[in-house]
Amino acid sequence: MHESPLTFGGYRYLWVALALSGLALIAYVVHTPLGAPPNGGTWLGYSLGTLGALLILWLLWFGIRKRRYGRGIGTLRGWLSAHVYLGTALILIGLLHSGFQFGWNVHTLALVLMLAVIFSGFFGVFAYLRYPALMTRNRENATRDAMLEEITELDQNSLMLADAVDPKIHAIVLRSISRTVLGGGVWAQLNSHDGSAAALESLRAAAKERDKGAASKKGDSGKTMVMMVDFLAGQASTDKQSEALRKLIDLLSRKKTLAERVARDIQLQALMEIWLYIHVPLSVALLGALTAHIVVVLFYW
Amino acid sequence: MRWLIRKVAKKGKGQVSFEEDVHYGDVLTIGRGADQAVFLSDLRAAIEHARVTALGGNKYKVESLITAGIRINGAIQKTVTLGPGGQIEIGGTRIELLAAPQDYDAGVEISAIDKAELAAEKEKARKPTSLSETWLSRRMPAWVLLIATLVLFLALPMAAHFSPSVSNILSATPLPSRDAWSAGTLASAHHFFGSDCKSCHSEGTKWVKDADCLSCHGETTKAHADPAVFHLPALGEARCAHCHRDHNGKNGLVREDQALCADCHVGLTTSTAGVSKLADISDFGLDHPEFKVSLPAWDSTGKYTPERVALSPDIEENSGLKFPHDVHLDVEGLNAPDGNRTLDCASCHVPDAGNAIMKPVDFETMCQDCHALTFDVTQPERQVPHARIQEIIYMLDEFYANRALQGDVQDAAAPESLRVRRRPGQAPTPAERQLALTWARDKARQVGESLFTGRACTVCHAVTPGRTAEEPWMVAPVRVAGVWFPKSRFDHGSHTTMGCADCHKARESTASTDLLLPDIASCKTCHAGESGGHDKLESGCVACHGYHEAPQLLQVDLQKPD
Numbered sequence: 002m003h004e005s006p007l008t009f010g011g012y013r014y015l016w017v018a019l020a021l022s023g024l025a026l027i028a029y030v031v032h033t034p035l036g037a038p039p040n041g042g043t044w045l046g047y048s049l050g051t052l053g054a055l056l057i058l059w060l061l062w063f064g065i066r067k068r069r070y071g072r073g074i075g076t077l078r079g080w081l082s083a084h085v086y087l088g089t090a091l092i093l094i095g096l097l098h099s100g101f102q103f104g105w106n107v108h109t110l111a112l113v114l115m116l117a118v119i120f121s122g123f124f125g126v127f128a129y130l131r132y133p134a135l136m137t138r139n140r141e142n143a144t145r146d147a148m149l150e151e152i153t154e155l156d157q158n159s160l161m162l163a164d165a166v167d168p169k170i171h172a173i174v175l176r177s178i179s180r181t182v183l184g185g186g187v188w189a190q191l192n193s194h195d196g197s198a199a200a201l202e203s204l205r206a207a208a209k210e211r212d213k214g215a216a217s218k219k220g221d222s223g224k225t226m227v228m229m230v231d232f233l234a235g236q237a238s239t240d241k242q243s244e245a246l247r248k249l250i251d252l253l254s255r256k257k258t259l260a261e262r263v264a265r266d267i268q269l270q271a272l273m274e275i276w277l278y279i280h281v282p283l284s285v286a287l288l289g290a291l292t293a294h295i296v297v298v299l300f301y302w
Numbered sequence: 248m249r250w251l252i253r254k255v256a257k258k259g260k261g262q263v264s265f266e267e268d269v270h271y272g273d274v275l276t277i278g279r280g281a282d283q284a285v286f287l288s289d290l291r292a293a294i295e296h297a298r299v300t301a302l303g304g305n306k307y308k309v310e311s312l313i314t315a316g317i318r319i320n321g322a323i324q325k326t327v328t329l330g331p332g333g334q335i336e337i338g339g340t341r342i343e344l345l346a347a348p349q350d351y352d353a354g355v356e357i358s359a360i361d362k363a364e365l366a367a368e369k370e371k372a373r374k375p376t377s378l379s380e381t382w383l384s385r386r387m388p389a390w391v392l393l394i395a396t397l398v399l400f401l402a403l404p405m406a407a408h409f410s411p412s413v414s415n416i417l418s419a420t421p422l423p424s425r426d427a428w429s430a431g432t433l434a435s436a437h438h439f440f441g442s443d444c445k446s447c448h449s450e451g452t453k454w455v456k457d458a459d460c461l462s463c464h465g466e467t468t469k470a471h472a473d474p475a476v477f478h479l480p481a482l483g484e485a486r487c488a489h490c491h492r493d494h495n496g497k498n499g500l501v502r503e504d505q506a507l508c509a510d511c512h513v514g515l516t517t518s519t520a521g522v523s524k525l526a527d528i529s530d531f532g533l534d535h536p537e538f539k540v541s542l543p544a545w546d547s548t549g550k551y552t553p554e555r556v557a558l559s560p561d562i563e564e565n566s567g568l569k570f571p572h573d574v575h576l577d578v579e580g581l582n583a584p585d586g587n588r589t590l591d592c593a594s595c596h597v598p599d600a601g602n603a604i605m606k607p608v609d610f611e612t613m614c615q616d617c618h619a620l621t622f623d624v625t626q627p628e629r630q631v632p633h634a635r636i637q638e639i640i641y642m643l644d645e646f647y648a649n650r651a652l653q654g655d656v657q658d659a660a661a662p663e664s665l666r667v668r669r670r671p672g673q674a675p676t677p678a679e680r681q682l683a684l685t686w687a688r689d690k691a692r693q694v695g696e697s698l699f700t701g702r703a704c705t706v707c708h709a710v711t712p713g714r715t716a717e718e719p720w721m722v723a724p725v726r727v728a729g730v731w732f733p734k735s736r737f738d739h740g741s742h743t744t745m746g747c748a749d750c751h752k753a754r755e756s757t758a759s760t761d762l763l764l765p766d767i768a769s770c771k772t773c774h775a776g777e778s779g780g781h782d783k784l785e786s787g788c789v790a791c792h793g794y795h796e797a798p799q800l801l802q803v804d805l806q807k808p809d
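Top line first, the protein sequences correspond to chains C and Y.
Each position in the first sequence, counted from 1, maps to that position plus 1 in the numbering used here.
Each position in the second sequence, counted from 1, maps to that position plus 247 in the numbering used here.
Below is the structure:
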């Protein structure tokens, strides 16, 4: 049975985080700093600050630990669970450390960066809990490569069919192939966009026009025997072409479904990764701000 | 026009074979149609896909016959004019334009595009399908942000600490300087030098030193915070910054918490081994003893030596003055020389400039209207000064000597020679002068006696016979207004919402021995200690007492025995 990072070990780290937060909160409520509002400079302030700084360093270590999958103490899943829960507890510990004193300074900068890192991490937790299931459902047991291969095959087959209908349809199909774009830049990936729908629309429009043309032709014919023979021959070939056209539409519909699925797959994967591009650089920026914060506090005692 | 169409076929292992064909006409058609000059069997080609027109002089015009355009020299184009070497790609076929070969007017070479090349081309055209393939990066921004935070918030302000010129440059720019290090709002009194951190943090990596504080606050009495006097461990290391922690808001610098005092003032007898006689106080509302008042008193030499007494209803004040408040505050009014006059507190008690205590009562402006110091019925407008006894005697001597020498004295008891009117130019004889002097002295003494013991002075003052002939009377020393509670701060100005009678029961007071000071119960109707503030004014110790204001500290008592 799959165990999510949240439920790991019977919520072991949830309890650790709750205990840590509870202790910090009780200490904060009980502690009455002498002669000043609660702030980072009291014994409790320094204690919470030390605890917070150690937690931040440990949370940052996760970036290294996760690259050593099997090595080290504990499982990576356990580490992730602890990373999530203790990271969340850090919100309270950081705020209590600050004594809710904020300002335009390096100290509040560190706090804001820390909160930004944690909240981007919350999106990560959401993404990891939600998107893998959506991706599995979206792929319907196929892999992305298999779907891409099928699209290539469908392209070949539709070209062949289109060739049997007429050059105009062939051109439309050819254009549709070149227009189907999967992936792309950051925005395109997050937007889940593919060009396959437009091709199908233009093909449907072309098919409709053909039908209309055939119908009007039908009205004119039937004057002479020679014309009748011509008409019958034309009719037969038109029937064959209509058949091909219907097949072509079926193929392109299937391709559209597949292309949309691949685009959605790319989108879900991008959503699952995008937060890391905020979480990781901000956490390193936090390391810088934290270093400055600690050095400054010890420099100007 | 003669075209050479050369078809290149690859046979593996690098072997190549050529097949040449000739085409006549200006235009070379390319497509999947059977009628095309260059026939392509590739399904990706249209029936009529493209057209090449030889323009002569090794120039070719290439036109796309499909709306999507064709790939010419790697770019999708519709119509283009090219020289030899131009390449047209349709599906898996490449058509290269040649310089006119010998015996031909134009030429093309047709070859299949290599499979590996096709795959590479396809890979090249493939769009990124994951974020790691895009421009997004984690490492680069992480480094940039790390370096930016360290430079902007650590290196630059640190440089400003060591170099005033860097500090000046930084403060002229929007770049963060040491203000980015400030751990919170400074106390408002420190704002005027607040941007110069070194005013207090004179040395990096060191605590703020007392010397930094004393460079401005040199006049501050150490009082309780004097380690040479107090050796109680509870006072800590007695650094200024131990209690005065700045960067905690505009009003955050002065400790107002009760623990500041109550930490030591509970169990003081034990902690000083019985030396301190001070009562234990933990909270004004809970266990503050009755106020001790400094009652006016004078020692045998006449030196003011107030007596510390706990307030109680039966203690009496010795102000040296007789003054019934009830008579003066009669609501019916008083018979003043200019008619009926009603007095109130402010008639006599006027706050000093700081509004904290009352000015001394002034006899000349407040009492003399009614309590005139007249002394001679023949000149009722003349009064003796409200001054020292000798000055009064001197004035009386002068007055009556002058009267005697003028003659025409309206006094039946005076010698005959003084009672006659003296004519101008008529000088008194020496005997007459002697007589006049004797009379004047006697009269002055008699009037003085009457003033000091009969009519005037004794109304308010206690007068006793003097010890010397020069000072025949003694008036008891007087202290009406002053500081009653020297160990605390009381400000009348911050109690103006109260009426005088709320604290001072003057209307019922019949004698000046009544001490009209409010007791602690009176204060507690509004004030509570630090803990009882839900329906009363929270008042910690420093609301009334000063940590650094203790002129009467029992310093010697707490000296550490050597």
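Idealized CB from N, CA, C, for every residue including glycine.
Integer Cβ distance of residue i from residue j, believed to fall under 8 Å
i	j	result
residue 408 (chain Y)	residue 451 (chain Y)	6 Å
residue 269 (chain C)	residue 139 (chain C)	7 Å
residue 38 (chain C)	residue 499 (chain Y)	7 Å
residue 617 (chain Y)	residue 571 (chain Y)	Actually they are not in contact, since the Cβ atoms of residue 617 (chain Y) and residue 571 (chain Y) sit about 14 Å apart, beyond 8 Å.
residue 264 (chain C)	residue 195 (chain C)	4 Å
residue 533 (chain Y)	residue 525 (chain Y)	The Cβ separation is near 16 Å, so there is no contact.
residue 701 (chain Y)	residue 643 (chain Y)	With 8 Å as the limit, residue 701 (chain Y) and residue 643 (chain Y) do not qualify as a contact, their Cβ atoms being about 14 Å apart.
Contact check, residue i vs residue j, beta carbons under 9 Å
i	j	result
residue 507 (chain Y)	residue 36 (chain C)	yes
residue 249 (chain C)	residue 287 (chain C)	no
residue 763 (chain Y)	residue 756 (chain Y)	yes
residue 348 (chain Y)	residue 251 (chain Y)	yes
residue 297 (chain Y)	residue 323 (chain Y)	no
residue 361 (chain Y)	residue 257 (chain Y)	yes
residue 292 (chain Y)	residue 337 (chain Y)	yes
residue 592 (chain Y)	residue 747 (chain Y)	yes
residue 433 (chain Y)	residue 489 (chain Y)	no
residue 638 (chain Y)	residue 736 (chain Y)	no
residue 319 (chain Y)	residue 172 (chain C)	no
residue 355 (chain Y)	residue 365 (chain Y)	no
residue 245 (chain C)	residue 162 (chain C)	yes
DSSP-derived helix/strand/coil call for residue i
i	result
residue 429 (chain Y)	coil
residue 597 (chain Y)	coil
residue 552 (chain Y)	coil
residue 109 (chain C)	helix
residue 360 (chain Y)	coil
residue 134 (chain C)	helix
residue 263 (chain C)	helix
residue 281 (chain C)	helix
residue 300 (chain Y)	strand
residue 391 (chain Y)	helix
residue 291 (chain C)	helix
Proximity test, residue i beta-carbon vs the ligand ADP heavy atom, cut-off 8 Å
i	result
residue 468 (chain Y)	Annotation note on the ligand ADP: not contained in the displayed structure, which lists no ligands.
Query - Validate contact between the stretch 72-88 of chain C and the stretch 131-138 of chain C using beta carbons, cut 8 Å, 3 pairs - result: No, because fewer than three Cβ pairs between the stretch 72-88 of chain C and the stretch 131-138 of chain C fall closer than 8 Å, the two stretches do not touch.
Report task. Scan the stretch 388-402 of chain Y for residues whose Cβ lies nearer than 7 Å to a Cβ of chain C and list them as they occur along the chain. Result -> 388, 389, 392, 393, 396, 397, 400, 401
Requested in this report: Would you check if the stretch 265-279 of chain C and the stretch 91-110 of chain C touch, i.e. whether three or more CB-CB distances between them fall below 8 Å?
Outcome: In this structure the stretch 91-110 of chain C does not touch the stretch 265-279 of chain C; the number of beta carbon pairs closer than 8 Å is below three.
Query raised in the report: For the stretch 167-201 of chain C, which residues have a beta carbon sitting closer than 7 Å to at least one beta carbon of chain Y?
Result: Listed in sequence order: 168, 171, 172, 175, 176, 179, 182, 183, 184, 185, 186, 187, 190.
Query raised in the report: At a Cβ cut of 8 Å, what residues of the stretch 426-444 of chain Y count as close to chain C, listed as they run along the chain?
Result: 426, 427, 428, 429, 430, 431, 432, 444
Query raised in the report: Contact between the stretch 385-393 of chain Y and the stretch 418-427 of chain Y: three or more CB pairs below 8 Å?
Result: no
Requested in this report: Could you please tell me which residues of the stretch 286-315 of chain Y, in chain order, have their CB closer than 8 Å to any CB of chain C?
Outcome: 290, 291, 293, 294, 295, 313, 314, 315
Query raised in the report: Listed from N- to C-terminal order along the chain, which residues in the stretch 266-277 of chain C have their beta-carbon within a distance smaller than 8 Å of any beta-carbon of chain Y?
Result: 267, 270, 271, 274, 275, 277
Requested in this report: Closer than 8 Å, Cβ to Cβ, to anything on chain Y: give me those residues from the stretch 135-150 of chain C, in chain order.
Outcome: Cβ contacts with chain Y come from 145.
Report task. Examine the Cβ distances between the stretch 136-156 of chain C and the stretch 298-308 of chain Y and report whether three or more of them are shorter than 8 Å. Result -> no
Query raised in the report: Does the stretch 730-745 of chain Y come within contact of the stretch 707-721 of chain Y, defined as at least 3 CB pairs closer than 8 Å?
Result: no
Query - Inter-stretch contact (C-beta, 8 Å, three-pair minimum) for the stretch 671-690 of chain Y and the stretch 646-655 of chain Y - result: yes
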